[in-house]
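A short write-up of the structure that comes next.
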Amino acid sequence: MSGPAGGDALVTVDGLTKRFPIAAGMFRKPTSFIHAVDDVSFRLGSGESLGLVGESGCGKTTVGKLLVKLQEPTEGSITYRFPAPSTGGHLAGSVDAANIKGRQLRVFRRQVQMIFQDPYESMNPRRAVYDTIAEPLLVQGIGDVQDRLDRVSEILNLVGLTPAGAFLFRRPHELSGGQRQRVAIARALVIGPSFVVADEPTSMLDVSSRTGIMSLMQELADRLGIAYLYITHDLAVARYMCHRIAVMYLGKIVEMAETEELLRNPLHPYTRALLSAVPSPDPMRRRDPPDILGDLSLPVDPPPRCRFYERCPMATDRCAADVHPPSEEKAPGHWVACYEA
Amino acid sequence: MIERPPNQPPTAGEGSSLFGDVPEIDLSRGRVDLALVRLRLAWRTLRDGWSIFVESRIGLLSLAIIGVFALMAFSHPLLMATVWTPDVYDPVTGYAFDQFDHPASPTWRHPLGTDSLGRDILSQLLFSARSEFILGITAALVTVGIATTVGAVAAYYGGLVDSLLMRLADLIIALPGISLLIVLSALFSLNLFYLALIIGVLGGFGGTAIILKSQALSIRVKPYIEAARAAGGGHFHVIFVHIIPNLLPLSLLYMMFTVTGAIFAEAVLSFLGLLDIRMSWGIMIHTANVGGYLLGGTEYWWLIVPAGASITLLCSAFYLVGRALDEVVNPRLRRHDG
Chain A
30 MSGPAGGDAL VTVDGLTKRF PIAAGMFRKP TSFIHAVDDV SFRLGSGESL
80 GLVGESGCGK TTVGKLLVKL QEPTEGSITY RFPAPSTGGH LAGSVDAANI
130 KGRQLRVFRR QVQMIFQDPY ESMNPRRAVY DTIAEPLLVQ GIGDVQDRLD
180 RVSEILNLVG LTPAGAFLFR RPHELSGGQR QRVAIARALV IGPSFVVADE
230 PTSMLDVSSR TGIMSLMQEL ADRLGIAYLY ITHDLAVARY MCHRIAVMYL
280 GKIVEMAETE ELLRNPLHPY TRALLSAVPS PDPMRRRDPP DILGDLSLPV
330 DPPPRCRFYE RCPMATDRCA ADVHPPSEEK APGHWVACYE A
Chain B
1372 MIERPPNQPP TAGEGSSLFG DVPEIDLSRG RVDLALVRLR LAWRTLRDGW
1422 SIFVESRIGL LSLAIIGVFA LMAFSHPLLM ATVWTPDVYD PVTGYAFDQF
1472 DHPASPTWRH PLGTDSLGRD ILSQLLFSAR SEFILGITAA LVTVGIATTV
1522 GAVAAYYGGL VDSLLMRLAD LIIALPGISL LIVLSALFSL NLFYLALIIG
1572 VLGGFGGTAI ILKSQALSIR VKPYIEAARA AGGGHFHVIF VHIIPNLLPL
1622 SLLYMMFTVT GAIFAEAVLS FLGLLDIRMS WGIMIHTANV GGYLLGGTEY
1672 WWLIVPAGAS ITLLCSAFYL VGRALDEVVN PRLRRHDG
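Protein sequences, first through last, are from chains A and B.
In this text, residue positions in the first sequence follow this note's numbering: the first is 30, and each later residue adds one.
In this text, residue positions in the second sequence follow this note's numbering: the first is 1372, and each later residue adds one.
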């Protein structure tokens, strides 16, 4: 599966797989594995934002952590192609993420950052806002104290925490949820990354501060030319934020297309079910009952057939007999993994 | 790299002046003194903790008791330098010439009487207070220093490192503490400092390390640890900047309990006459015992009660301060019945 980004893709993910062993006991080899991410491939262009949509537990966050090298993949490759930088201290050209180690990994962290889901837990409660945001600068050895202070104040203004002086030395418990998430965004952006994995940055916020955070992230993406992998379970958020959307189910990407194309013309039965579950503001509109069956299960040693088979309303004998369907381009830039689509 | 946007995203409704107490920085005045701001932050934390601590009456009372003992420890050298002549009042070599019979019951010149060798009990009591503090605090610092590092390292790295350190802790817990100290003090001539070191190392690699490790495990899985890794922070950075500072409140608590344990252990060993130290509360009771006065009931009370009460009071005071600190450190224990 590949996207429309073509040869100049910033991130190329190919056959990415992550299996977590289920411990069978001390000194015993694990017999079962959770297939958290299974053969996922996509491309992401510079400045593009790709939405990764799926239910809880489908492996979205694991994909994000693999991309920022907080976890190592079991199989598959992640290749970054960084544009040649104007200043030193950055990786340039094509880099295989598996080979990034030691000093290079530290430099890599300047270019690839992550915004975490939970603004209440992603900040050390004992450290002030300044310490949290300046941490990437400090561990990367960028600037002296005054430089860091200037840069942190600057980014605080940028994320809308003004006046910066009033926020610099607050502790996380003295901030609201929306303010915390702005601090989390500031921490990810202060070092000037070209790619940011945003792991449900708005899911823990109340609705009123959600739109503020989303428009802030979009504005910063446009201004700073940042590419996002935007992980979310909310199609409405993905529609607002992303150029393209990839729908994930139990570790597999089942459908991927341009945002509007995917929403107007969903081909995979799972995507259709997701779309039919989006609430409508019209009280008179009758909604078809969701036509998928059962619940999301844990992908522990799944059978090789289509992952969606148990819940699929369109399942045929072929779906039961054959392996998980390969991803096919049904329309330009519209990839689906389904035999019946 | 980053330019300022012309239109600021809205901050309305996110309450910016709710906390008037937050140090506000005027960035327009040029250089900001970070050290000063941090000092103010630390002071604020301390003040907040204190306001919770004072709610515990027992904690306050215990702190007062510790304060009294600290005054006693400081008063001994002062008294020796001013009103007490060393040949009469020295806690080890002094002799009360004004009495015919020793042990002598309390008089004005000797408020707590003298022991069987004619030495002033009050002087011994005050002199020993200092040793107990030095012993207790040294042992506590060593324990907590080792236990915090061991706990954080075991929890962070897991695997083999964790197994080795925790099995060592199990081994140390399995050793009977006082019996081991008796054997060690019989083999080597232990002074106060070595005793403090041994107690500190045993506690630091033993039970306290396990408790702090369990706390470190719950810190290790917090997203801010991952965020620090994603920022490029190394193992050293994560352990010493994120895990250990979050362990410190609990460490402080176990420091208090270690002081209790150390003073108690010293009293036991001194009572058995196994330590190479000049004077301590345990030795005072030992002296009374050797002279056969321990069996005399309350007739020679001044030989036993001052030292015994001091051991009990100081041990319980440190323990109870620990319990009161527990409420500061662990918000779930706080009562909200005000």
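By construction, the Cβ of each residue, glycine as well, lies at the ideal position given by its N, Cα and C atoms.
The structure presented is a predicted model; accordingly, all values stated were derived computationally and were not measured.
Rounded straight-line distance, which links the Cα of residue j to that of residue i
i: S1622/B; j: P1547/B; result: 23 angstroms
i: D1697/B; j: L1624/B; result: 6 angstroms
i: W1414/B; j: H1613/B; result: 20 angstroms
i: P354/A; j: E183/A; result: 49 angstroms
i: W1479/B; j: Q1470/B; result: 12 angstroms
i: W1673/B; j: Y1466/B; result: 17 angstroms
i: R1409/B; j: A157/A; result: 9 angstroms
i: V1592/B; j: F62/A; result: 21 angstroms
i: G254/A; j: Q247/A; result: 10 angstroms
i: R180/A; j: A213/A; result: 15 angstroms
i: T261/A; j: H1608/B; result: 31 angstroms
i: I144/A; j: S151/A; result: 9 angstroms
i: L1645/B; j: N1617/B; result: 39 angstroms
i: V1463/B; j: T1514/B; result: 31 angstroms
i: D1419/B; j: I1590/B; result: 22 angstroms
i: G221/A; j: R1538/B; result: 45 angstroms
Proximal residues of chain A, C-beta to C-beta of residue i below 7 angstroms
i: P1616/B; result: R155
i: R1600/B; result: L99
i: H1481/B; result: Neighbours of H1481/B on chain A: none; closest Cβ ~52 angstroms, over 7 angstroms.
i: H1613/B; result: N153
Reference residue i, options the options, closest by Cα
i: L304/A; options: N294/A, M313/A, D311/A; result: N294/A
i: T41/A; options: P165/A, G206/A, E77/A, V365/A; result: E77/A
i: A1638/B; options: I1436/B, T1416/B, D1458/B, L1684/B; result: L1684/B
i: T1519/B; options: C1686/B, S1550/B, S1585/B, L1496/B; result: S1585/B
i: G1489/B; options: T1416/B, D1461/B, A1510/B; result: D1461/B
i: A1441/B; options: I1423/B, F1498/B, L1483/B, Q1470/B; result: F1498/B
i: F1635/B; options: L1539/B, G1465/B, L1566/B, F1559/B; result: L1566/B
i: E1670/B; options: G1484/B, L1412/B, H1447/B; result: G1484/B
i: I1553/B; options: L1542/B, I1570/B, I1544/B, L1539/B; result: I1570/B
i: T300/A; options: I214/A, G172/A, S326/A, W364/A; result: W364/A
i: G206/A; options: D125/A, V174/A, A193/A, R239/A; result: R239/A
i: V439/A; options: L99/A, M233/A, E150/A; result: Because chain A spans 30 through 370 in this model, residue 439/A falls outside it and cannot be assessed.
i: V1699/B; options: G1529/B, L1619/B, F1642/B, A1678/B; result: L1619/B
Under 7 angstroms by beta carbon: chain B residues contacting residue i
i: R135/A; result: G1603
i: V168/A; result: A1602, G1603, G1604, H1608
i: Q142/A; result: A1601
i: R132/A; result: By Cβ distance, chain B contributes nothing, its closest Cβ being about 10 angstroms from R132/A, past 7 angstroms.
Contact set for residue i: own chain, Cβ-Cβ below 6 angstroms, skip 5 residues either direction
i: S1681/B; result: W1652
i: T1453/B; result: none
i: G1693/B; result: L1624, M1627, F1628
i: C1686/B; result: T1631, I1634, F1635
i: L190/A; result: F196, R211
Chain-ordered chain B contacts of residue i [CB-CB under 9 angstroms]
i: S151/A; result: K1593, P1594, Y1595, E1597, A1598
i: D147/A; result: P1594
Cut-off 7 angstroms between Cβ atoms - residues of its own chain near residue i, not counting five sequence neighbours on either side
i: V1425/B; result: L1431
i: N153/A; result: T161
i: E104/A; result: G44, T46
i: R135/A; result: Q169
i: L1563/B; result: S1502, I1505, L1506, I1648
i: L1665/B; result: A1659, I1675
i: F49/A; result: F62, I63, A65
Under 8 angstroms from the C-beta of residue i: neighbouring residues of chain B
i: R138/A; result: A1601, A1602, G1603
i: P165/A; result: A1602, G1603
i: R216/A; result: A1598, A1602
i: V174/A; result: L1405
Strand pairing of residue i, partner residues [DSSP]
i: A302/A; result: DSSP, once it has assigned bridges, lists no residue as partnering A302/A.
i: F224/A; result: V141/A, A256/A
i: E1637/B; result: Bridge partners of E1637/B: none, in fact.
i: Y278/A; result: K281/A
i: L106/A; result: The question names Leu, yet the displayed sequence has Ser at residue 106/A. S106/A pairs with D43/A.
i: H64/A; result: R48/A
i: T1699/B; result: The displayed chain sequence assigns Val, not Thr, to residue 1699/B. According to DSSP, V1699/B bridges with nothing at all.
i: R273/A; result: L79/A, E287/A
Residues of its chain near residue i, where Cβ-Cβ distance is below 8 angstroms and the 5 sequence neighbours each way are ignored
i: T1382/B; result: Residue placement at T1382/B is poorly supported in this model, since its pLDDT is 41, which falls under 50; the coordinates are not used for a value here.
i: C87/A; result: M277, Y278, L279, G280, L325
i: P1377/B; result: Only weak support is given to the placement of P1377/B: the predicted model assigns it a pLDDT of 45, under 50, and the question is left unresolved by the model.
C-beta neighbour in chain C for residue i, strict 8 angstroms
i: W1479/B; result: Among the protein chains of the structure shown, namely A and B, there is no chain C.
Any non-hydrogen atom of the ligand HEM within 7 angstroms of residue i CB
i: R1591/B; result: The model depicted lacks the ligand HEM and carries no ligand whatsoever.
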